[in-house]
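Quick note, the sequence shown lines up with residues 1 to 407 if you use this note's numbering.
Just below is one structure, and these are the notes that go with it.
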Amino acid sequence: MDKLSLEKIRSEFPILSEIIYNKPLVYFDNGATTQKPQCVLDRINYGYKHLNANIHRGVHFLSQRATEAHENARKAVCDFLGADKREEIVFTRGTTEAINLVAFTFGEAFCSEGDEVVVSVMEHHSNIVPWQMLCERKKMTLRVIPMSEKGELDLDAYKNMLNEHTRIVAVTHVSNVLGTVNPVKELIEIAHVHNIPVLIDGAQAVPHIKVNVKELDADFYVFSGHKIYAPTGIGALYAKEKWLNALPPYQGGGEMIAAVTFEKTTYNELPFKFEAGTPDYIGSTALAEALRYVQEIGIENIAAYEHELTVYATERLMEIENMRIIGQADKKSAVVSFLVGNIHPYDIGMLLDRLGIAVRTGHHCAQPLCDSLQIPGTVRASFAFYNTKEEIDVFIQALKRVVGMLL
Ligand code: PLP
Numbered sequence: 001m002d003k004l005s006l007e008k009i010r011s012e013f014p015i016l017s018e019i020i021y022n023k024p025l026v027y028f029d030n031g032a033t034t035q036k037p038q039c040v041l042d043r044i045n046y047g048y049k050h051l052n053a054n055i056h057r058g059v060h061f062l063s064q065r066a067t068e069a070h071e072n073a074r075k076a077v078c079d080f081l082g083a084d085k086r087e088e089i090v091f092t093r094g095t096t097e098a099i100n101l102v103a104f105t106f107g108e109a110f111c112s113e114g115d116e117v118v119v120s121v122m123e124h125h126s127n128i129v130p131w132q133m134l135c136e137r138k139k140m141t142l143r144v145i146p147m148s149e150k151g152e153l154d155l156d157a158y159k160n161m162l163n164e165h166t167r168i169v170a171v172t173h174v175s176n177v178l179g180t181v182n183p184v185k186e187l188i189e190i191a192h193v194h195n196i197p198v199l200i201d202g203a204q205a206v207p208h209i210k211v212n213v214k215e216l217d218a219d220f221y222v223f224s225g226h227k228i229y230a231p232t233g234i235g236a237l238y239a240k241e242k243w244l245n246a247l248p249p250y251q252g253g254g255e256m257i258a259a260v261t262f263e264k265t266t267y268n269e270l271p272f273k274f275e276a277g278t279p280d281y282i283g284s285t286a287l288a289e290a291l292r293y294v295q296e297i298g299i300e301n302i303a304a305y306e307h308e309l310t311v312y313a314t315e316r317l318m319e320i321e322n323m324r325i326i327g328q329a330d331k332k333s334a335v336v337s338f339l340v341g342n343i344h345p346y347d348i349g350m351l352l353d354r355l356g357i358a359v360r361t362g363h364h365c366a367q368p369l370c371d372s373l374q375i376p377g378t379v380r381a382s383f384a385f386y387n388t389k390e391e392i393d394v395f396i397q398a399l400k401r402v403v404g405m406l407l
């Protein structure tokens with residue numbers, strides 16, 4: 001990213017000019033949520049000004065305009081993920097809701113006592129708890145793929161774990177704590193040898209690397225809009241059509257039905273069968289705008305620049321004594337987690353905040369991962385393409401000061 005385009009990009013994100021405690025904001029909490037460009041903010045505004053009417057059922061002009069915008073947004077998500085058909089895209093509130101949808105409906109249709117679900121040790125709680133709930137409900141077992149010290153999944157252990165009881169594998173594409181980019185294509189291939197479907201949690205992947213669900217041959221792929229410059233409250237589930245046809249509905253209500261009598265209800269066609277109630281059509285159109293924006297910059301350009309930032313940040317962090325980088329996988333995304341000596345991550349985060357720097361501290365909703373590493377959590381700096389090396393310099397200088405105070 002050259003300096004000029006970086007300046008232009010930064011000017012497109014109004015919040016980046018905020019002053020925090022009299023200091024220019026340095027926002028390194030992009031793994032938690034990303035900031036929104038003006039075009040996305042404008043799109044939300046435009047939606048309420050020009051196409052706000054409930055969709056699908058209306059005969060009137062505005063409703064049809066809103067329906068068209070919402071369905072075009074579905075096509076945008078479909079194209080972004082490299083899926084075949086828009087029917088394979090279900091809008092959800094985000095990653096968490098999408099995983100719950102699959103865990104519940106897949107559990108209803110295909111799981112019974114004695115079956116097993118495989119997740120990995122580096123999952124976010126949202127890719128653990130829904131499966132645990134399924135295991136409790138159906139008296140099943142949750143199996144966990146371990147990882148190496150570097151933070152890479154143990155593929156041999158994974159292979160040995162799959163058996164005739166395994167019903168589904170659910171793994172994150174990119175770890176939100178370690179930054180590890182998992183070899184999901186290989187994980188899927190291995191599971192498919194046993195005819196086991198795979199869900200990939202793409203929450204930390206889609207903002208940073210090119211994803212093609214067809215190339216991966218993923219059965220289910222989920223992500224959240226707010227982590228890719230879109231508003232909160234909208235996300236998507238990609239699922240192969242065969243699975244969506246085979247799964248029962250998740251929630252009941254309007255939109256998801258074909259016909260209702262008190263005796264029997266028949267369900268709507270795909271994907272509406274899984275979208276009960278008024279959908280977030282303002283959010284979906286803003287999501288489509290965010291995806292357009294990201295594609296305009298180019299996901300490969302984003303990946304290359306963020307890699308530069310991550311390598312630079314890691315090198316500079318190593319200047320600090322007693323620095324421990326948590327997660328040293330060969331393939332990493334735009335996340336650097338670390339600890340310094342015995343200092344509690346929370347103390348570092350609090351003091352950095354006073355210097356205008358937003359990082360995240362704690363277990364990052366991956367408590368089992370932190371337990372397995374025997375750490376209380378980490379300090380996590382996570383980058384987006386609007387961040388700069390100058391910001392990293394400010395961060396390192398502040399961190400040195402903070403560490404000096406706490407040691
Ligand atoms: N999965 C991963 C890897 C995440 O990092 C997150 C959020 O941090 C989630 C799932 C949950 O996303 P959401 O809260 O948007 O549903």
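Just so it is clear, CB atoms sit at the ideal spot from N, CA and C, and this is done for glycine as well.
1) Only counting the same chain, and skipping five residues up and downstream in sequence, which positions put a Cβ closer than 8 Å to that of E87?
2) What residue does the alpha helix (DSSP H) around V184 start on, and which one ends it?
3) State the DSSP-derived secondary structure class of V129, mapped to helix, strand or coil.
4) Report the partner residues of Y238 according to the DSSP bridge assignment.
5) Could you give the DSSP three-state label for Y21: helix, strand or coil?
6) What's the C-alpha gap between K138 and Y48?
7) Could you pull out every residue in the same chain whose Cβ sits closer than 7 Å to the Cβ of P368, ignoring the five residues on either side in sequence?
8) Thinking C-beta only, is V171 closer than 8 Å to Y200?
9) Per DSSP, what kind of secondary structure is K210 in: helix, strand or coil?
10) Quick one: Cα of C111 to Cα of N301, how far?
11) Who does L155 pair with in a DSSP beta bridge?
12) When you compare only the Cα positions, how much space is there between D115 and I168?
13) Identify whether G47 lies in helix, strand or coil by the three-state DSSP scheme.
14) Report the three-state DSSP secondary structure of T34 (helix, strand or coil).
15) Once the 5 residues before and after L153 are set aside, which same chain residues still bring their CB inside 7 Å of it?
16) Are the CB atoms of H192 and G94 within a distance shorter than 8 Å?
17) Under a three-way DSSP split, which group does E300 fall into?
18) Where V118 and A218 are concerned, what is the direct C-alpha to C-alpha distance, given to the nearest angstrom?
19) Closer than 5 Å from C-beta to any heavy atom of the ligand PLP: which residues, in chain order?
20) Confirm, please, whether the CB-CB distance from A366 to N176 is below 8 Å.
21) Once you ignore the five residues that flank A73 on each side, which residues in its own chain have a CB closer than 7 Å to its CB?
22) Please state whether DSSP places T95 in a helix, a strand or coil.
23) Rounded to the nearest angstrom, what separates T310 and G58 at their Cα positions?
24) Distance, Cα to Cα, R360 vs V379?
25) Span of the beta strand (DSSP E) holding L6?
26) Going by the DSSP bridge assignment, what does I357 pair with across the sheet?
27) Just the Cα atoms here: how many angstroms apart are V102 and V402?
28) Thinking Y81 and V174 are a contact (beta carbons under 8 Å), I'd like their distance in whole angstroms, please.
29) Roughly how many angstroms lie between the CA atoms of R416 and F338, to the nearest whole one?
30) I'd like the list of long-range same chain contacts for P24, defined as Cβ closer than 7 Å, with 5 residues on each side in sequence excluded.
31) Give the secondary structure of R74 by DSSP, where H, G and I count as helix, E and B as strand, and everything else as coil.
32) Taking the alpha carbon of T180 as the point to measure from, which residue in I19, E164, I326 and A32 has its own alpha carbon closest?
33) Could you give the DSSP three-state label for A258: helix, strand or coil?
34) Please confirm whether I228 and V206 have their CB atoms less than 8 Å apart.
35) Could you check the C-alpha separation between F383 and A32 for me, to the nearest Å?
36) Confirm, please, whether the CB-CB distance from Y281 to K273 is below 8 Å.
The answer reads as follows:
1) E241, L244, E269, L270 and P271
2) V184 to V193
3) DSSP, reduced to helix, strand and coil, places V129 within a helical segment of the structure shown.
4) Answer by DSSP bridge pairing, in chain order: I89 and Y221.
5) coil
6) 44 Å
7) V121 and I128
8) Checking the sequence shown, residue 200 turns out to be Ile, not Tyr. Closer than 8 Å, so yes.
9) coil
10) 42 Å
11) Note: L155 sits in no beta bridge, so no partner.
12) 9 Å
13) Assignment of G47 by DSSP, reduced to helix, strand and coil, places it in the helix class.
14) coil
15) S120, I145, M147 and N182
16) no
17) helix
18) 15 Å
19) G94, T95, T96, H124, S126, T172, N176, D201, A203, Q204 and S224
20) The answer is yes: Cβ separation under 8 Å.
21) S284, T285, L287 and A288
22) Reduced to three states, the DSSP call for T95 is helix.
23) 49 Å
24) 6 Å
25) Not the beta strand (DSSP E): L6 falls in the alpha helix (DSSP H), residues K3 to S11.
26) V26
27) 44 Å
28) The sequence shown places Leu at residue 81, rather than the Tyr named in the question. L81 to V174, Cβ: 15 Å. No contact.
29) The question about residue 416 has no answer here: the residues shown for the chain are numbered 1 through 407.
30) G356
31) helix
32) The shortest CA-to-CA distance from T180 to any of I19, E164, I326 and A32 is the one to I326.
33) strand
34) yes
35) 10 Å
36) no
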